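Asker:
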Amino acid sequence: MPKFKTLLVLVFIVLTASCSSSRKEREYFDRYHTDRPFVDDVNTDIALRLRKEYPKESFADVGSEILIEYYLDDNHDFHGSDSLMTTHLKARVTYYYTILSLHEAARFQFAVFYNKHMTTSKIMASYAPKELGENWFQPNTTDMSYEVDGYFYSDARLNSFSAYMPTVGTQLRFTYSQDYENVNYLTNVYFSESFPVKRRKIIVRAPEWLDLNTVVKNGKWVKTEKGMPNFSHIADYRRIHQRKEGLDYNWYDSYRGEKEKERVYQYRTYSLTNVKPRDAYAAEEGPTYYLPHLLIRVDKYKDKNGEVHHVMGNLDDLYSWYRRLVQSIGNKPEAVKEQAAKLTAGLHSDEEKVKAIFYWVQDNVRYLAFEDGLAGFKPEPCQMVYANRYGDCKGMANLLTEMLKSQGYDARLTWIGTRRIAYNYSEPSMAVDNHMICTLNLNGKRYFLDATEDLIGFGDYAHRIQGREVLIEDGASYILDSVPDLPAERNAVNIYADMHLDGAVLKGKVKESHKGESHTRIMRYFESKKSDRRKTALERYLNRQGLENTLSNIQQDSIFYRLGSTHFSYDIACNDLSLTTDSSVYLKVNFVELPYYSLQWDKSRQCGLSFSYKVKENHEIHVQIPDGWQVANLPDTVSVQSKSFSSLLYYSQAGIDLVMHASFEIPDGTVGWEERRDWENNRKLIHEFYSKYVVFIKK
Amino acid sequence: MKKLVLTLILLSPAFVKAQSRLDTLKREWFQQAKESCVQKIASEDLVFKRQEIPAEWSKSSAIILSSYAKYFAYSSKEGYRIGQYSLDRILLRDEYALEDFSSFALDDESYLNVRVIKSDGSVIELDHSREVYGEYIYTNGNTGKSWHYLDNRKIPVPGLEFGDIIEIERYGENIKFNSKGKVIYPTSEEGFFIMRMHESFPILQRTVDFEIGSPFELKWKAMNQAPVLKEVSRNENRITYRLTDGKRKNLKPEYWSTKSSEEPYVKVAFSKAREELKGEILSENKEYDPSWLLPYINEIRKDRELSQSGVALDFAKDNFMGTFKFSGSVARKFYSYYRSECFLNQHSISYEMSDAHFLAILSRVLDKFKVKYEWMAAVPKELGTWKDVVSADEVYLGIRVKQENEIYTEFDPYSTYNELDPSIQGTNAVFIDFQRSEKHPGLRFEELPESGPKDNLLTTTWTLSIDGTRVNAERKNAFTGQSRFSPMEYLPHTLLFDDDYKRLYGKNYALGIVSSHPFIERRDLWDRMEEVADRYWHDDLKYAEKQLTYYFRNRNYGFEDYSFVRLNDPARELGSPELVFTDKMTLNSLLGESDTIKIFHIGRLLGETIYHLDAEDSIRQTGIMMRTPQTVKTVIILKDAAKYSYSGLRYLDTTVENEAGSFSVSHTIHDEQVEIIAIQTFTGQRLGANKWNDVLDLVQCVAETNRKKLLVTKKAEQEKEEIKTTDDGQSKGDKVEEMEGSNDE
């Protein structure tokens with residue numbers, strides 16, 4: 001009986017405690033949800049100062065911390081089907097932001113990106129400054145799939161929330177963490193955001209049994225410190241989450257114990273102040289070229305038994321991981337052999353046969369990214385891509401490889417990072433690659449075949465892969481090579497015109513030839529139009545100045561010919577380029593202008609220019625000098641020679657013709673940020689040149 | 001384990017189970033519908049009949065060889081069955097078509113099946129396991145409760161090649177599962193839709209059946225010479241009507257087309273008979289009896305769900321307690337309150353933001369405050385007149401407050417009170433007074449006021465100064481009436497709507513705002529909530545500037561260094577339907593120069609060129625629908641008149657006036673500056689094909705003006721004093737007159 005009484009008392013205590021706990025929980029929720037955004041004079045002053053610095057920004061981060069930690073997960077079974085994507089070693093990144101509103105009535109929005117190989121904790125936020133207590137609350141969130149440029153990725157997601165910031169100086173703190181199931185996927189952490197960051201610290205905590213490699217990229221002003229940092233914010237975060245979520249934080253050391261354990265952890269703190277906001281720019285370089293960030297990879301670690309595990313210490317490790325992925329594809333080459341044989345039947349040379357297969361995949365397999373998300377590095381089996389007639393880059397590369405192999409050719413799967421990525425394989429990381437192609441060894445020569453590049457010829461390479469390192473499969477080993485870098489001449493555009501004045505109208509015949517990527521770009525443009533709208537589309541494409549010009553008698557040839565160039569000829573009548581007075585004729589001949597030069601280098605731009613291909617364009621416009629008139633005045637010659645681009649525009653006289661020559665070349669397709677002044681100068685000079693009139697006076 | 005739990009939470013709520021049961025049921029019903037339809041199609045040779053493809057379609061990307069659809073609405077022992085089945089066969093002929101049909105979006109409401117028929121007769125079936133989808137998870141931070149929705153469902157079509165015929169079957173029926181997994185059939189469903197005869201590809205043969213049974217009845221109207229429906233079969237339970245059409249080419253896509261009023265289409269509605277409610281027609285115009293509107297509006301008034309959200313009570317409470325600083329009519333105050341609540345905060349009503357909701361609550365507020373008002377119903381012009389109405393869904397609703405004689409229509413974030421949508425302006429509206437008698441309200445016809453071009457005035461004032469071959473420009477954009485809606489979409493919304501809060505709460509408005517994302521509890525309002533979220537996302541000056549840069553981009557002049565300068569305060573005031581903002585830029589393509597003169601393409605700033613019209617539409621298949629009947633006024637102030645002489649000014653002056661509108665340019669010369677004014681007017685929103693030549697005359701005149709230039713010469717120091725205005729407005733000492741004659745050659 002006493003035992004029963006004791007039990008009853010215990011039950012009563014437990015029930016009371018749980019009721020009181022749930023009541024407290026409710027009160028807690030009630031409190032934070034009726035909280036008003038807090039504004040004090042100090043924050044308002046800071047915000048007003050920041051507003052002067054960033055007049056068009058609505059928010060600024062006035063102090064953020066990011067903590068990167070590693071731990072071993074002993075609870076997972078690493079022999080399951082998904083074991084490739086799950087590693088014993090895990091990483092956790094914890095983010096902590098302090099945002100100030102720089103304008104009235106602003107709504108702060110923030111999105112957390114993740115994929116199915118990561119776990120994101122709840123986001124917790126607070127309007128209250130630390131001194132006034134916690135008042136943390138969980139904002140309403142919207143979690144959705146992430147779609148890029150119409151391509152749909154099933155496992156890339158973003159979780160977003162918004163918070164109203166009614167007055168200048170409203171402060172919002174928020175925090176969350178992300179766990180990486182496969183440590184290889186944690187490749188880099190950035191210092192910048194879409195809003196300015198006044199101060200940011202990235203703290204890396206590496207256990208002594210872990211060999212970690214961290215490199216600061218584009219971080220000239222990043223300060224690096226070793227030793228135990230002050231990360232009270234993160235301690236705050238842990239307290240919140242242990243209380244709110246009941247998550248398993250047992251593997252964490254308590255904050256109080258951190259100091260004692262300092263000797264078993266290595267701390268590195270990377271700090272940067274006054275980080276400009278990210279923005280989108282025209283002809284933008286990839287973010288890895290210019291945004292300050294930390295590139296991270298784990299070389300190796302020792303487990304509890306002292307066994308050493310290699311992770312991403314060198315290129316062998318990276319290849320070994322890729323190889324495990326492709327070994328499990330499950331190709332059935334016999335399913336594609338018949339088609340390959342059909343395509344090559346009756347053809348004699350190897351090159352003809354390879355072309356037949358390569359072009360068939362280009363023409364008949366559509367690039368559709370119904371793939372397993374951004375995190376997926378495993379190609380789809382060749383038989384699936386063949387049957388579906390669609391696939392992503394990996395699937396198309398795999399199909400092409402298997403079709404070529406089925407006809408006895410030495411074709412290999414090949415990993416590559418396009419020009420958008422600044423890294424090469426000297427940094428063995430998954431961040432180096434974003435694309436897959438097929439390498440063919442034929443008659444002692446190596447060809448790189450990219451089946452996603454519609455209408456590209458055999459032996460020709462798209463700008464985005466030119467000069468890039470490739471990792472070619474070679475059984476247990478691999479081959480490191482580079483795609484040839486082709487000259488700008490490959491994309492040459494030449495425009496020749498023979499013009500004369502007919503009253504006030506400048507009339508004549510124009511011939512255009514487009515090679516290489518300029519040529520394929522036009523062809524793809526046509527393919528994207530309905531057949532019955534292509535004629536109008538062509539006219540619009542050629543009529544660069546719009547309404548004031550009339551085009552007629554448009555002829556075209558070799559429009560769908562690979563490796564060739566596209567040629568157009570047409571008659572043009574320009575209504576708005578001349579003006580005649582009793583004593584003078586004023587004439588401009590810029591019915592066609594050089595490409596790209598007019599792109600304005602915005603003052604806020606943080607990166608260089610990166611065009612979709614190397615540019616080389618020449619114009620030669622002949623104008624017959626009207627009878628009885630002579631040239632009185634010509635625009636000054638423009639000649640600009642910068643490190644990575646050049647332009648030359650001038651007039652000359654050849655018999656009865658006045659000739660305008662204009663040429664522009666960007667030999668590498670990129671212009672460095674340090675050339676911004678040259679670029680703007682070039683833009684202004686060419687603009688002036690085109691704005692100036694040629695003046696004829698009576699003889 | 002953690003991952004497993006998370007996956008379970010994400011993917012296996014009851015929702016997913018219900019979803020799969022629903023899919024299974026739909027698949028079964030799809031089979032039933034399909035079998036009966038396919039039998040009919042085969043027995044009546046509706047689809048498979050081969051027809052010659054007209055030679056004029058030889059360049060079409062794709063051709064719809066045949067299209068069969070069946071719509072049904074009847075009562076069964078389970079409940080109402082309302083849905084449709086369709087079967088289309090399309091021949092694919094180019095890359096565009098392959099791309100267009102390479103994947104399909106799926107939705108919860110319909111079941112889709114696709115087959116690819118190869119030229120050798122073999123068939124590739126759609127692999128449903130290839131479907132991908134996004135999952136939308138909305139979590140209420142307060143309760144921790146989450147809602148999961150499948151979003152963006154897509155399926156790729158395998159094996160597509162030129163010359164393939166793609167066969168698309170769709171089946172949809174409005175059924176749902178409740179939380180217990182039981183099928184819910186529609187209860188008081190009504191259906192209204194518009195069936196256009198022209199598709200984006202030419203169509204050879206089309207058959208549409210409507211199978212209707214008690215308690216539903218079919219109402220339809222063939223518009224613009226569309227084919228009529230014919231009864232083809234009848235038994236004691238159901239009647240089948242059929243529409244047959246064919247050999248329709250795809251119409252050229254035309255800008256600002258008056259499609260709906262000129263192209264053939266059929267309006268169709270299924271509806272159940274409503275409870276009788278008699279009204280007394282007070283108007284002399286008795287040509288049409290709109291009594292059927294009474295029960296419809298009465299349903300909205302009495303809808304507890306719509307009107308009892310507590311908003312009316314909250315408003316009344318706050319008003320009586322004197323919380324609001326804004327004094328004005330109850331209706332205006334409520335409008336401001338509702339708009340601020342919807343756009344700036346308040347989880348309690350944002351999710352409910354809808355037209356009917358606004359009117360229902362407004363009527364409750366007006367009842368509570370004993371304000372006299374009446375309901376209004378009007379038919380948008382593009383849907384015809386009262387005689388063409390087949391469904392209540394076509395009707396535009398509103399409330400007129402009698403004392404102020406102000407009409408509040410369906411809730412529109414950009415308009416303000418007493419602003420009628422152009423589509424109902426000038427139409428014969430019905431006003432219903434329930435306050436007269438609940439059981440026998442009075443009805444009267446009354447013509448709604450129509451705004452003219454003067455009410456929708458867009459004034460752009462350019463202040464220009466020459467800088468080498470560039471022109472520095474400061475621009476003031478003033479929009480009144482309907483003309484302000486487009487630019488409003490590009491401006492930061494908090495700038496626009498925050499004012500409602502300020503007006504209501506005075507200085508303490510910030511404290512009236514609780515930060516919380518509006519949350520939703522009703523799935524069908526999800527889209528609306530997304531719209532609101534999108535607006536918040538855009539509350540950013542940087543974003544506004546980018547959008548405005550895009551908005552003002554045109555082919556007449558290039559600009560750089562664009563910056564949005566300021567938005568005027570009155571733009572945000574209720575009762576002042578005016579939007580004014582200023583911006584700055586450098587115009588970089590208007591000025592050419594030689595060593596002695598500059599040639600200023602000033603004409604390119606005058607008048608709104610309708611590029612699309614003169615570029616492509618010399619022959620037009622349909623009339624034109626302007627955004628609004630509007631006046632576009634451009635004022636150019638040349639600041640450098642003291643430094644430069646401008647010749648060619650008088651050749652800018654022009655006037656043309658006709659039934660479609662007018663265009664005029666005039667100039668004046670003041671002491672230190674030249675002012676040029678262009679006024680362009682389109683008399684109506686719709687200008688039919690009969691006014692097409694007049695439209696072209698106006699367009700031509702604007703285009704000619706766009707080509708006009710000024711010769712600009714730098715004045716010698718001593719000449720600066722010479723520019724004076726004479727009585728006739730002409731410049732003295734214009735030594736460049738000799739050049740004017742050649743200016744417009």
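Those protein sequences? They're chains A and B, same order as listed.
Residue numbering for the first sequence follows this note's numbering, starting at 1 and increasing by one per position.
Residue numbering for the second sequence follows this note's numbering, starting at 1 and increasing by one per position.
Backbone N, C-alpha and C fix where the C-beta goes; we use that ideal spot for every residue, glycine too.
All values derive from a computational prediction rather than experimental measurement.
#1: Please return the same chain residues whose Cβ sits closer than 6 Å to the Cβ of M660 of chain A, not counting the five positions on each side in sequence.
#2: What three-state label does DSSP hand T581 of chain A in the structure shown?
#3: How would you label L92 of chain B, buried or exposed, when you count the other beta carbons within 10 angstroms and need 16 or more for buried?
#4: For L15 of chain A, which residues of its own chain have a beta-carbon under 6 Å away from its beta-carbon, when the five flanking residues on both sides are left out?
#5: Taking only the alpha-carbon atoms, compute the straight-line gap between Y28 of chain A and E382 of chain B and give it to the nearest angstrom.
#6: For the 8 Å Cβ check, are there 3 or more pairs between the region 87-97 of chain A and the region 171-186 of chain A?
#7: Compute the Euclidean distance between the alpha carbons of K223 of chain A and F191 of chain A, then round it to the nearest angstrom.
#8: Using the three-state DSSP reduction, which class does L567 of chain B fall into: helix, strand or coil?
#9: Can you pull the chain A residues whose beta carbon is under 8 Å from the beta carbon of T799 of chain B, in chain order?
#10: In the DSSP assignment, the beta strand (DSSP E) including H667 of chain B goes from what residue to what residue?
#11: Can you pull the chain B neighbours of K353 of chain A, defined as C-beta to C-beta under 9 Å?
#12: So with Cβ pairs under 8 Å, would you call D749 of chain B a contact of chain A?
#13: So with CB distances below 7 Å, who are the chain A contacts of D595 of chain B?
#14: Determine the closest residue to S513 of chain A out of A:E548, A:V505, A:Q556, A:L506, with distance taken between C-alpha atoms.
#15: Is the CB of K52 of chain A under 8 Å away from at least one CB in chain B?
#16: Decide if A360 of chain B is buried, meaning its Cβ has at least 16 other Cβ atoms within 10 Å, or exposed.
#17: Measuring alpha carbon to alpha carbon, tell me which of A:G306, A:R533, A:L210 ends up nearest Y716 of chain A.
#18: For the region 126-141 of chain B, enumerate the residues whose C-beta is nearer than 7 Å to any C-beta of chain A, in chain order.
#19: Comparing the C-beta of T141 of chain A with each C-beta of chain B, is any distance below 8 Å?
#20: Below 8 Å on the Cβ atoms is my contact criterion, and I expect L413 of chain A with V326 of chain A to pass it. Report the Cβ-Cβ distance as a whole number of Å.
#21: Closer than 9 Å between beta carbons: that is the criterion. Which residues of the region 154-178 of chain B meet it against chain A?
#22: Using a C-beta to C-beta distance shorter than 9 Å, which residues of chain A count as neighbours of K542 of chain B?
#23: Using only the alpha-carbon positions, how far apart do N213 of chain A and Y290 of chain A sit?
#24: Spell out a yes or no on whether the region 158-171 of chain B and the region 77-90 of chain B are touching, meaning 3 or more CB-CB pairs, one atom from each, closer than 8 Å.
#25: Between the Cα of V330 of chain B and the Cα atoms of B:E131, B:E406, B:F445, which residue gives the shortest distance?
#26: Using a Cβ-Cβ cutoff of less than 6 Å, which residues in the same chain neighbour G159 of chain B once the five nearest sequence positions on both sides are dropped?
#27: With DSSP collapsed to three states, give me the class of I751 of chain B.
#28: Could you have a look at P594 of chain A and say whether DSSP puts it in helix, strand or coil?
#29: Nearest-angstrom Cα distance between E208 of chain A and Y461 of chain A?
#30: Alpha carbons only, please: which of B:G328, B:L397, B:V208, B:D289 is nearest the one belonging to E299 of chain B?
#31: How do the region 618-635 of chain A and the region 425-444 of chain A stand: do at least 3 beta-carbon pairs fall below 8 Å, yes or no?
#32: Below 8 Å CB to CB, which residues in the same chain sit around K699 of chain A once its five sequence neighbours on both sides are set aside?
#33: Where does Y176 of chain A fall in DSSP's three states?
#34: Considering only the alpha carbon of each residue, which of A:E593, A:G444, A:W221 lies closest to S663 of chain A?
#35: For a cutoff of 8 Å on Cβ pairs, would you count E474 of chain B as touching chain A?
#36: Let me check understanding here. Comparing Cα to Cα, which of A:E307, A:I202, A:N331, A:E334 lies closest to T273 of chain A?
Answerer: Let me spell this out:
#1: Within the same chain, V589, I621, Y651 come within 6 Å of M660 of chain A by CB-CB distance, once the 5 residues on both sides are set aside.
#2: In the three-state scheme derived from DSSP, where H, G and I count as helix and E and B as strand, T581 of chain A is classed as coil.
#3: Classification of L92 of chain B: buried, given that the 10 Å Cβ count is 16 or more.
#4: Unreliable placement is indicated for L15 of chain A, whose pLDDT of 47 sits below 50; no coordinate value is reported for it.
#5: At Y28 of chain A, the pLDDT of 33 sits below 50, so the modelled position is not reliable and the matter cannot be decided from this model.
#6: Remark: three or more beta-carbon pairs, one from each stretch, lie closer than 8 Å, so the region 87-97 of chain A and the region 171-186 of chain A are flagged as touching.
#7: Distance from the CA of K223 of chain A to the CA of F191 of chain A, rounded to the nearest whole angstrom, comes to 12 Å.
#8: In the structure shown, L567 of chain B falls within a strand segment according to DSSP collapsed to helix, strand and coil.
#9: An answer regarding residue 799 of chain B cannot be provided, because it is not within the stretch 1 to 745 covered by chain B.
#10: 661-669 is the span of the beta strand (DSSP E), which, as asked, contains H667 of chain B.
#11: Within chain B, no residue comes near K353 of chain A; the closest Cβ sits about 22 Å away, beyond 9 Å.
#12: Chain B is shown only over 1 to 745; residue 749 of chain B falls outside these bounds and no answer can be derived.
#13: The contact set of D595 of chain B on chain A, defined by CB atoms closer than 7 Å, consists of N633 in chain order.
#14: Comparing Cα positions, the closest option is A:Q556.
#15: Answer no: the Cβ-Cβ gap between K52 of chain A and chain B never drops below 8 Å.
#16: The residue is buried, with at least 16 neighbouring Cβ atoms inside 10 Å.
#17: This structure does not reach residue 716 of chain A, given that chain A is present from 1 up to 699, and the question cannot be answered.
#18: The region 126-141 of chain B vs chain A, Cβ under 7 Å: R130, V132, G134, E135, Y136, I137, Y138, T139, N140, G141.
#19: Closer than 8 Å: yes.
#20: Yes, they are in contact, since the Cβ atoms of L413 of chain A and V326 of chain A sit about 6 Å apart, within 8 Å.
#21: Correct list: K154, I155, P156, V157, P158, G159, L160, E161.
#22: Contact of K542 of chain B with chain A by beta-carbon distance below 9 Å involves K56, E57, S58, P277, D279.
#23: Taking the straight line joining both Cα atoms gives about 20 Å.
#24: Yes, since at least three Cβ pairs between the region 158-171 of chain B and the region 77-90 of chain B fall closer than 8 Å, the two stretches touch.
#25: Considering only alpha carbons, the answer is B:E406.
#26: Within the same chain, G159 of chain B has close Cβ partners V116, I124.
#27: With chain B covering 1 to 745 only, the question about residue 751 of chain B has no answer from this structure.
#28: Per the sequence shown, residue 594 of chain A should be read as Leu rather than Pro. Of the three classes helix, strand and coil, the one that applies to L594 of chain A here is coil, per DSSP.
#29: Between E208 of chain A and Y461 of chain A, the C-alpha separation is close to 46 Å.
#30: The shortest C-alpha separation from E299 of chain B is found at B:L397.
#31: No, because fewer than three Cβ pairs between the region 618-635 of chain A and the region 425-444 of chain A fall closer than 8 Å, the two stretches do not touch.
#32: Once the five neighbours on either side are set aside, the close Cβ partners of K699 of chain A are G628, W629, Q630.
#33: In the structure shown, Y176 of chain A sits in a strand (DSSP, three-state: E or B).
#34: Checked all of A:E593, A:G444, A:W221; the closest Cα to S663 of chain A is A:E593.
#35: Interface criterion not met: the Cβ of E474 of chain B is under 8 Å from no Cβ in chain A.
#36: The shortest Cα separation from T273 of chain A among A:E307, A:I202, A:N331, A:E334 belongs to A:I202.
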